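J.: Residue numbers (the working numbering), protein chains in the order written: chain A, 1262 to 1589; chain B, 1262 to 1589.
Where a beta carbon is used, it is the ideal one built from N, C-alpha and C, also for glycine.
These figures come from a predicted structure and were not determined experimentally.
Got a structure for you, written out below as structure tokens; questions coming shortly.
There are 2 protein chains.
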Amino acid sequence: MSDTIRIGIAGYGNLGRGVEAALARAPDMKLAGVFTRRDPAALRLASAGVPARGMDDIARFAADIDVLILCGGSKSDLPEQGPALAALFNTVDSFDTHARIPEYFEAVDAAARRGGHLALISVGWDPGLFSLQRLWGEAVLPDGAGYSFWGKGVSQGHSDALRRVPGVKDAVQYTIPSEQAMARARSGDNPVLTTREKHARECFVVLQAGADAAAVEQAIVTMPDYFADYDTTVHFIGAEELRREHGAMPHGGCVIRSGATGAGTRQAMEFSLRLGSNPEFTASVLVAYARAASRLARQGERGARTVFDVAPGLLSPKAPAELRRELL
Amino acid sequence: MSDTIRIGIAGYGNLGRGVEAALARAPDMKLAGVFTRRDPAALRLASAGVPARGMDDIARFAADIDVLILCGGSKSDLPEQGPALAALFNTVDSFDTHARIPEYFEAVDAAARRGGHLALISVGWDPGLFSLQRLWGEAVLPDGAGYSFWGKGVSQGHSDALRRVPGVKDAVQYTIPSEQAMARARSGDNPVLTTREKHARECFVVLQAGADAAAVEQAIVTMPDYFADYDTTVHFIGAEELRREHGAMPHGGCVIRSGATGAGTRQAMEFSLRLGSNPEFTASVLVAYARAASRLARQGERGARTVFDVAPGLLSPKAPAELRRELL
Chain A
1262 MSDTIRIGIA GYGNLGRGVE AALARAPDMK LAGVFTRRDP AALRLASAGV PARGMDDIAR
1322 FAADIDVLIL CGGSKSDLPE QGPALAALFN TVDSFDTHAR IPEYFEAVDA AARRGGHLAL
1382 ISVGWDPGLF SLQRLWGEAV LPDGAGYSFW GKGVSQGHSD ALRRVPGVKD AVQYTIPSEQ
1442 AMARARSGDN PVLTTREKHA RECFVVLQAG ADAAAVEQAI VTMPDYFADY DTTVHFIGAE
1502 ELRREHGAMP HGGCVIRSGA TGAGTRQAME FSLRLGSNPE FTASVLVAYA RAASRLARQG
1562 ERGARTVFDV APGLLSPKAP AELRRELL
Chain B
1262 MSDTIRIGIA GYGNLGRGVE AALARAPDMK LAGVFTRRDP AALRLASAGV PARGMDDIAR
1322 FAADIDVLIL CGGSKSDLPE QGPALAALFN TVDSFDTHAR IPEYFEAVDA AARRGGHLAL
1382 ISVGWDPGLF SLQRLWGEAV LPDGAGYSFW GKGVSQGHSD ALRRVPGVKD AVQYTIPSEQ
1442 AMARARSGDN PVLTTREKHA RECFVVLQAG ADAAAVEQAI VTMPDYFADY DTTVHFIGAE
1502 ELRREHGAMP HGGCVIRSGA TGAGTRQAME FSLRLGSNPE FTASVLVAYA RAASRLARQG
1562 ERGARTVFDV APGLLSPKAP AELRRELL
């Protein structure tokens, strides 16, 4: 491996473009190639001189890439690509289907060990930075309660669910945390908060021609898992307004831990994010962890890892003595 | 080593008592001994059945302690105790004189390697959890600006400085962050904030009989390093009021990182603490890192480390698979 960390991007959607932009701000890393399932000749990369290649050819470039950042989706891309590519490359991905992380970890771990590679899974802000804050909260204040709130922001999974409702042409869904619930979480009273109390869901929906608005709304607000357990508001708007007013991908949220020490002294920790672009921020986290993955691989580590396994100093381009002097 | 992590406490002041209380909430750890420079027979421990011993005897108990938590002060205790005790035990300390961390690290590192031990230095919330947030901020949003604010809370160092002023009998100093400066740090405009703009200092002072209040106030507000660069307010109060109103040790603060991704998208990260008791919270962080120190030592790691070197999963009593399932 050369001193500059050579990064490959697998998948060139919003997340892949975010990784490309984040790499431009990392002086110790360079983009060595973009891999796509689309026609590579049709790809317009932002970076000059970087080759675009077909995903089918990717195995041929194993010697050119120190860490491959997987930018596919968690629903159908990563369950297949994660293990397959971890057998060929050191990888970092943002697999975010929380309930399936254990099985995904096992599949990627086996493939990475077989191939002699290191694979960092479920990197981003949740799972990722939020997970770390949950862990700290619990480790430092074991006698307490933890809360995660998301939003206000666009949930891709819930927007996709809206688009699958018959009669819906296009849609965007915002997850909105309850200010009142956040205040109660911060209070130190360790309240038990229901799903409905914590978040509301607001939907902006473009109907197909001739669709029955009332039926669509009913189908949405009663949809199990996605909407039935929440206070859900549905707004019907035009396609032009959806594009104009709801095209950005802001997000954010907070992790609150409140607990007691000593004879009942109250202590509170809180981490919050306000993100102008969810995919660009996730991409920035992926790039920092790709630096760590490269270092762990060089140290001979093999198999799957998560953010819980990565010493924070490995994320920085600075040397340990520099970090102690400047940031400790 | 037994499965239960056997902890020793070196120094039984506010911090040592906080460690004792935090250990009572850690089912995988137990307090094996308290070491003091005072008369051990005079020590009233909160824990039943735990021996109190003289610090001079500490070397005799090396086989009984997996990790020794150093609870002395950074000004005069730790510079001497840190290296001396790291030669005999695995240690964790909260050395917090930021400017002297590099030399302290070197001294402890050499001693720990000589003795075949692991020493985690500068653990707490700042240095400690705040340092980690500064590192993440920089690693994830390199094109940005970072800010640390402290308070409102009692600064032990500044309170001590007040007590050294001729004519002062007793005193407490609060560090107060500027709401306006915090708002500007959060704005995303990456302002350059002066020392005076970021924090104010409020002093509650009990005068010695016959002292000249005006001269004391002048000596305080012009004191270099501690007060001259800040807007400092001095209140003269009675000894009883000081004890009654200013005896608690609340603290807190926040680390703000604001930066740009992509073509200038604004992203913001913030970590904040609201602490009912500074020493009890610091002690809780020390105990979580003592767990990590024990694990690193068992893995054969030797020498000095900081929070930057510790994989977060090591702080939790839970197994890696449990952490992935529950917290990732």
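For a quick check, are the C-beta atoms of Pro1573/B and Phe1569/A less than 8 Å apart?
T.: Yes, Cβ-Cβ distance for Pro1573/B and Phe1569/A is below 8 Å.
J.: Whole-angstrom Cβ separation of Gly1449/A and Arg1527/A, contact assumed at under 8 Å?
T.: That belief holds up - the Cβ atoms of Gly1449/A and Arg1527/A are roughly 4 Å apart, short of 8 Å.
J.: Quick one: using the 10 Å Cβ neighbour count with 16 as the cut-off for buried, is Pro1438/B buried or exposed?
T.: Result: buried.
J.: With distance defined between alpha-carbon atoms, name the residue in Asp1404/B, Ala1372/B, Arg1361/B, Lys1413/B nearest to Pro1388/B.
T.: The option with the nearest alpha carbon to Pro1388/B is Arg1361/B.
J.: In the DSSP assignment, the alpha helix (DSSP H) including Tyr1435/B goes from what residue to what residue?
T.: First-last for Tyr1435/B: 1429–1438, but that is the beta strand (DSSP E), not the alpha helix (DSSP H).
J.: Is Ala1529/A close to chain B, meaning its C-beta is less than 8 Å from at least one C-beta of that chain?
T.: Chain B contact via Cβ: present.
J.: What residues from chain B crowd round Ile1326/A, counting only those whose CB sits closer than 8 Å?
T.: Those do not exist, as Ile1326/A stays about 21 Å from chain B at its closest Cβ, beyond 8 Å.
J.: Between the C-alpha atoms of Met1316/A and Ala1323/A, what's the straight-line distance to the nearest angstrom?
T.: Cα-Cα distance, rounded: 12 Å.
J.: Which of helix, strand or coil does DSSP assign to Gln1417/A?
T.: Reduced to three states, the DSSP call for Gln1417/A is helix.
J.: Looking at C-beta atoms only, is the number of pairs between the stretch 1579–1588 of chain B and the stretch 1398–1417 of chain B that lie closer than 8 Å three or more?
T.: Too few Cβ pairs lie closer than 8 Å, so no.
J.: Using a Cβ-Cβ cutoff of less than 6 Å, which residues in the same chain neighbour Ala1446/B once the five nearest sequence positions on both sides are dropped?
T.: Closer than 6 Å at Cβ, skipping near neighbours: Tyr1408, Ile1517.
J.: May I have the straight-line CA-CA distance separating Ala1489/A from Glu1440/A, to the nearest angstrom?
T.: Taking the straight line from one Cα to the other gives about 21 Å.
J.: Would Thr1526/A pass as an interface residue toward chain B - the criterion being a Cβ-Cβ separation below 8 Å?
T.: Interface residue, yes.
J.: Quick one: is Leu1584/A near chain B, going by C-beta distance under 8 Å?
T.: So yes, Leu1584/A belongs to the interface.
J.: Is Ser1308/A close to chain B, meaning its C-beta is less than 8 Å from at least one C-beta of that chain?
T.: No, its Cβ sits nowhere closer than 8 Å to a Cβ of chain B.
J.: To the nearest angstrom, how far is the alpha carbon of Glu1281/A from that of Trp1386/B?
T.: Each residue's alpha carbon lies about 34 Å from the other.
J.: I need the DSSP call for Tyr1487/A, collapsed to helix, strand or coil.
T.: Of the three classes helix, strand and coil, the one that applies to Tyr1487/A here is coil, per DSSP.
J.: Are the C-beta of Ile1362/A and some C-beta of chain B separated by less than 8 Å?
T.: Cβ-Cβ to chain B under 8 Å: yes for Ile1362/A.
J.: Kindly give me the distance between the Cβ atoms of Ala1544/B and Met1484/B, rounded to whole angstroms, as I take these residues to be in contact under 8 Å.
T.: About 30 Å; that fails the 8 Å criterion.
J.: Establish whether the CB of Val1384/A and some CB of chain B are separated by less than 8 Å.
T.: Not one chain B Cβ lies under 8 Å of Val1384/A.
J.: Which partner residues of Cys1332/A appear in the DSSP bridge assignment?
T.: The partner list for Cys1332/A (beta bridge, DSSP) is empty, contrary to what the question assumes.
J.: Could you tell me which chain A residues have their CB closer than 9 Å to the CB of Leu1396/B, listed as they occur along the chain?
T.: Those within 9 Å of Leu1396/B in chain A are Pro1573, Gly1574, Leu1576, Ser1577, Lys1579, Leu1584, Leu1588, Leu1589.
J.: Under DSSP, the beta strand (DSSP E) around Leu1547/B begins and ends at which residues?
T.: Unbroken run through Leu1547/B is the alpha helix (DSSP H), 1539–1559; no beta strand (DSSP E).
J.: Confirm, please, whether the CB-CB distance from Ala1345/B to Ala1380/B is below 8 Å.
T.: No, the Cβ-Cβ distance between Ala1380/B and Ala1345/B is not below 8 Å.
J.: For Val1384/A, which option in Asp1318/A, Thr1494/A, Ala1554/A, Glu1478/A has the closest C-alpha, if you only look at C-alpha atoms?
T.: Of Asp1318/A, Thr1494/A, Ala1554/A, Glu1478/A, the residue nearest in Cα terms is Ala1554/A.
J.: Between the alpha carbons of Ala1307/B and Phe1391/B, how many angstroms are there, rounded?
T.: Approximately 30 Å between the Cα atoms of the pair.
J.: Can you tell me which of the three DSSP states Lys1459/A falls into?
T.: Looking at Lys1459/A - three-state DSSP - the assignment turns out to be helix.
J.: Quick check: the Cα distance between Ser1538/B and Ile1266/A, rounded to an integer number of angstroms?
T.: Cα to Cα, the separation comes out at about 44 Å.
J.: According to DSSP, is Met1262/A helix, strand or coil?
T.: With a pLDDT of only 43 at Met1262/A, under the threshold of 50, the placement of this residue in the model should not be trusted; the figure read from the coordinates follows. In this structure, Met1262/A counts as coil in the three-state DSSP scheme.
J.: DSSP three-state call for Phe1296/B: helix, strand or coil?
T.: Note: Phe1296/B maps to strand in three-state DSSP.
J.: Alpha carbon to alpha carbon, how far is Arg1556/A from Met1262/A? Give it in angstroms, no decimals.
T.: Summary for Met1262/A: the model assigns pLDDT 43, below 50, so the residue's position carries little reliability; its value from the coordinates is reported in the next sentence. For Met1262/A and Arg1556/A, the distance between alpha carbons rounds to 11 Å.
J.: Where do the N-terminal and C-terminal ends of the alpha helix (DSSP H) with Ser1519/A fall, by residue?
T.: Element bounds for Ser1519/A: not the alpha helix (DSSP H) but the beta strand (DSSP E), 1512–1522.
J.: Please name the residues in the stretch 1438–1457 of chain A whose beta-carbon is closer than 9 Å to at least one beta-carbon of chain B, in chain order.
T.: Listed by position, the residues of the stretch 1438–1457 of chain A near chain B (Cβ gap below 9 Å) are Arg1447, Gly1449.
J.: Can a CB atom of chain A be found closer than 8 Å to the CB of Pro1340/B?
T.: False, the Cβ-Cβ gap to chain A never drops below 8 Å.
J.: How about Leu1329/A and Thr1352/A: are their beta carbons less than 8 Å apart?
T.: Cβ atoms of Leu1329/A and Thr1352/A: closer than 8 Å.
J.: Assuming Arg1552/B and Leu1576/B form a contact by the criterion Cβ under 8 Å, report the distance between their Cβ atoms to the nearest whole angstrom.
T.: Yes, they are in contact, since the Cβ atoms of Arg1552/B and Leu1576/B sit about 6 Å apart, within 8 Å.
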